[in-house]
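Asker: I have a structure I would like to understand better, so I am pasting it below and will then ask my questions one at a time.
Residue numbers (the numbering used here): 24 to 134.
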């Protein structure tokens, strides 16, 4: 088994100890997928608890802060309130999904 130096590897590379191969993953920019959801109904899951917001995606900025209109707050799959216009700070978001997408199905993000 030869020694592998990790100092010269790109930051996004992984080394598989079992296969002795270096596998590179290309990071994918999620912005094109998110821009396609503007003016669509979306579901946004927050990192904290089982909180979700459902509404129409009005805009998203370069930091991925999110503006929704007609927003509803759902906790534990029960609607708790109708909020109207909301701004969700980017670091609170766990995931975003189009409301009309199949649950459990992954969204293809083309780079």
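We put the CB at the ideal spot given by N, CA and C, even for glycine. Predicted model, so just to flag it, every value in this text is computed and none were measured.
(1) How should residue 65 be labelled, buried or exposed, when 16 other C-beta atoms within 10 angstroms of its C-beta is the threshold for buried?
(2) From this set, 108, 91, 104, which residue's C-alpha is nearest residue 119's C-alpha?
(3) Rounded to whole angstroms, how far is the Cβ of residue 97 from the Cβ of residue 77, which I believe are closer than 8 Å?
(4) Between which two residues does the beta strand (DSSP E) harbouring residue 79 extend?
(5) For residue 73, decide whether its Cβ has a neighbour in chain C, counting only Cβ atoms nearer than 8 Å.
Answerer: Straight from the coordinates:
(1) Counting from one through the chain shown, the residue named residue 65 turns up at place 42. With 16 or more Cβ atoms within 10 Å of its Cβ, residue 65 is classed as buried.
(2) Position 96 of the chain shown, counting from 1, holds the residue named residue 119. Among 108, 91, 104, the Cα nearest to that of residue 119 is on 91.
(3) Stepping through the chain shown from its first residue, residue 97 is reached at position 74. Stepping through the chain shown from its first residue, residue 77 is reached at position 54. That belief holds up - the Cβ atoms of residue 97 and residue 77 are roughly 6 Å apart, short of 8 Å.
(4) In the chain shown, residue 79 corresponds to position 56, counting from 1. Segment 74-83, the beta strand (DSSP E) holding residue 79.
(5) Judged by its chain identifiers, the structure shown contains no chain C, having just a single protein chain.
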